[in-house]
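Please read the structure below before turning to the comments.
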């Protein structure tokens, strides 16, 4: 990320710096892969929650999106997005909000149980598509792919209300985040392909209708070449990537498209540490583990061209509510004064963006976010 | 916490439930202790960030507060608070915002280095009080108490601008949070007392002026009886407490004054788990460790009177961005349906409140927060 255009920025409080050019490259690369595989790219907008960044997707021809809550859906509907999937399973107490959103746009919902589908059946007033969530090993939400009797019972339940349309099956292979290496991620996708194409064929055979197969997580969609067996992919984190994806081998460090700029508020050469204004309420508390040490971020230092280079020996080691503790080599500490800026790559960009909601681009343009 | 007045609440999305009566009791108890010890109670408002809860403090006669950022200071100034300390050390790039706030209210700042004090000296235009931060073992910010030469140099530097008034010395003994038991917390306070009363006497002797000694962290202020050696105390978390304080032995479970209400979105009896809408963007990711297991929250179940009782076998075990995974005994899982509400006590109330900013009282009253 090149920060030369903003290197004299006076940082009053923690702010996220976003490289528009890197974000656009990340979007383009994933979109090309989707086109190669003839799948729809329906990016997850929970990572950025930003109307500004939504426009960059729109510039690349993206028209369908994923969101993680009805509030987020309503925000993006207000910004012109009219085809979306809310991927967090339905809370039946939100039916009136679902009807509100479904009246405005083309909406898909996700459920994994008969009870919720029954509730939707009783109350849906505008057409919605329903995806059944399948659990292929993540053990969060979803019905097991072998449980065909229950799957068919749920699909049948969809069809008693003409506004509730069974759209297909959907997975989130979040267990790719726990993979030890890239081979393991490829193996997860290979198993998913086997389970899901078999299940899709079965459902299409029984119902006589063709259905969608929706997949999506950034590690798998970034690393696996063959995605043709799916109909759509929903990666979100790809827009920024982060240290977690970097550690997992999913991206290179120069694909990471956001960094936190934090003012220094204390310098302690005697312990090779600085304290920054930038804490848990800005970074969130996700961490990497390295030799048993928790790492909440790594600093970037600009080279002579203004391009940030990750410094693996400049570590955000501790976070309190508003403070962060950075350890760094003696020669770097000696150059710091309170008021100077430290750039810190976040471990988990989705949570950092959600927490900080205050950003500019490397060209100094303001980025708009959904309000909390 | 008694939730009988809101037991039929339809929970559309995660919401924090606050017991006004417990909050008022927690405030009153700490205020009484401050009065017994003849110290000023200057509560840290970073925990709640709420004008509504600020009024409950005001009702108890509290008039001076602590905040953790200038933004928070400006928010509470707009709500009538006119005596505050910003406890996060000064970022010299915020001088114009400091001047803006100092023109409106009685403001104290914190610094621990000559460079920052010099910057303040050059630019402060309205009277501010300056506290020197002393590091008594927390190893975050602060100058070591034995470094008297540098301390006196900084105090001298305060006095070249008549608007910059040296107010005293300030500590945050955050290392009480790492104590193994209550005895260790008492020992930390005993050492603090020794260091700081000696330092205070020294400064008063050299300068000929009396100064303030400001201390504050919730574990110490809650557990230690003798606080007379200080002039003011600044605990924040005391307003709600949380599971962390409970595990540390600082509060009883029935002093915890907030709980998250989260809708169930999936029920999995085969693995004794439920998934709730309630994730890292609501709870934050602070955790307790219990036998090596990370615990992000514990559920409360209402007894026949509507009083929540902590269930140590109902555990928020995993958090993703919007989802949380709760494990619970089979008989409880069997009673759950999607749309039902699970009450989860947060591990760290400060971060949960900062993340969720959506709350009602147990009587159903809306609680207002500072916007992010």
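Residue numbers (this note's numbering), protein chains in the order written: chain A, 1 to 372; chain U, 1001 to 1372.
C-beta atoms are modelled at their ideal positions from N, C-alpha and C, and glycine is treated no differently.
Every value quoted in this text rests on a predicted model; they were computed, and no experiment measured them.
Query, Result
"What residues match up with residue 1323 (chain U) in a beta bridge as DSSP calls it?", "U:1277"
"Fully enclosed by the segment 1066-1111 of chain U, which beta strand (DSSP E) runs are 3 residues long or longer?", "1083-1086 and 1106-1111"
"Just list the residues that DSSP pairs residue 297 (chain A) with in beta bridges.", "A:316 and A:346"
"Return the chain-ordered ranges of every beta strand (DSSP E) run that is complete within the segment 125-207 of chain A and spans a minimum of 3 residues.", "128-133 and 164-170"
"Helix, strand or coil, according to DSSP, for residue 223 (chain A) in the structure here?", "helix"
"Under DSSP, the alpha helix (DSSP H) around residue 30 (chain A) begins and ends at which residues?", "20-37"
"Of all Cβ atoms in chain A, is any one closer than 8 Å to the Cβ of residue 1317 (chain U)?", "no"
"Give the C-beta separation of residue 1234 (chain U) and residue 1216 (chain U) to the nearest angstrom, bearing in mind that I take them to be a contact with Cβ-Cβ under 8 Å.", "3 Å"
"Excluding sequence positions up to five away, which residues of its chain have a Cβ less than 7 Å from the Cβ of residue 1253 (chain U)?", "1246 and 1310"
"For residue 325 (chain A) and chain U, any beta-carbon pair shorter than 8 Å?", "yes"
"Would you mind working out which of U:1251, U:1084 and U:1118 sits nearest residue 1102 (chain U), comparing C-alpha positions?", "U:1084"
"Taking Cβ positions only, does residue 344 (chain A) come closer than 8 Å to chain U?", "no"
"Between the Cα of residue 1098 (chain U) and the Cα atoms of U:1259, U:1129, U:1060 and U:1301, which residue gives the shortest distance?", "U:1129"
"Please report the residue range of the beta strand (DSSP E) in which residue 1257 (chain U) lies.", "First-last for residue 1257 (chain U): undefined, no H or E at that position."
"Flag this pair as yes or no: are the beta carbons of residue 1279 (chain U) and residue 1332 (chain U) separated by less than 8 Å?", "no"
"In the DSSP assignment, what are the bridge partners of residue 2 (chain A)?", "A:307"
"So which of A:276, A:363 and A:203 has the shortest CA-CA distance to residue 306 (chain A)?", "A:363"
"Could you work out which residue in U:1004, U:1274 and U:1005 is closest to residue 1262 (chain U) when comparing CA atoms only?", "U:1274"
"Measure from the alpha carbon of residue 1230 (chain U) to the alpha carbon of each residue in U:1192, U:1223, U:1250 and U:1019, then state which is nearest.", "U:1192"
"Which one of A:3, A:36 and A:169 has the shortest CA to CA distance from residue 148 (chain A)?", "A:169"
"Are there three or more Cβ pairs, one per stretch, closer than 8 Å when the segment 1340-1349 of chain U is compared with the segment 325-342 of chain A?", "no"
"Rounding to the nearest angstrom, what Cα-Cα distance links residue 1044 (chain U) and residue 1237 (chain U) in this structure?", "8 Å"
"Is any heavy atom in the ligand GDP found nearer than 7 Å to the beta carbon of residue 4 (chain A)?", "You won't find the ligand GDP in this model; it holds no ligand whatsoever."
"Residues of chain A with CB closer than 8 Å to the CB of residue 1351 (chain U), please, in chain order.", "280, 281, 285 and 321"
"Which one of U:1184, U:1106, U:1242 and U:1142 has the shortest CA to CA distance from residue 1126 (chain U)?", "U:1106"
"Distance, Cα to Cα, residue 1002 (chain U) vs residue 1019 (chain U)?", "8 Å"
"Taking 8 Å as the CB-CB limit, is residue 1333 (chain U) close to chain A?", "no"
"Hey, residue 373 (chain A) and residue 164 (chain A) are a contact pair by Cβ (cut 8 Å); roughly how many whole angstroms apart?", "Because chain A here runs from 1 to 372, residue 373 (chain A) falls outside it and cannot be looked at."
"Can you tell me the Cα-Cα spacing of residue 356 (chain A) and residue 14 (chain A), whole angstroms?", "8 Å"
"Along the chain, where does the alpha helix (DSSP H) that runs through residue 213 (chain A) open and close?", "Element bounds for residue 213 (chain A): not the alpha helix (DSSP H) but the beta strand (DSSP E), 212-215."
"Mind checking which residues open and close the alpha helix (DSSP H) that includes residue 1289 (chain U)?", "From DSSP, residue 1289 (chain U) is part of no alpha helix (DSSP H) but of the beta strand (DSSP E) over 1288-1290."
"Looking only at its chain, what residues have a beta carbon closer than 8 Å to the beta carbon of residue 269 (chain A), apart from the 5 residues adjacent to it on each side?", "330, 333 and 334"
"Closer than 7 Å by C-beta to residue 370 (chain A): which residues in its own chain qualify, once you throw out the five before and the five after it? Chain order, please.", "49, 72 and 75"
"Report the CB separation of residue 91 (chain A) from residue 1277 (chain U) in whole angstroms; it is logged as a contact under 8 Å.", "6 Å"
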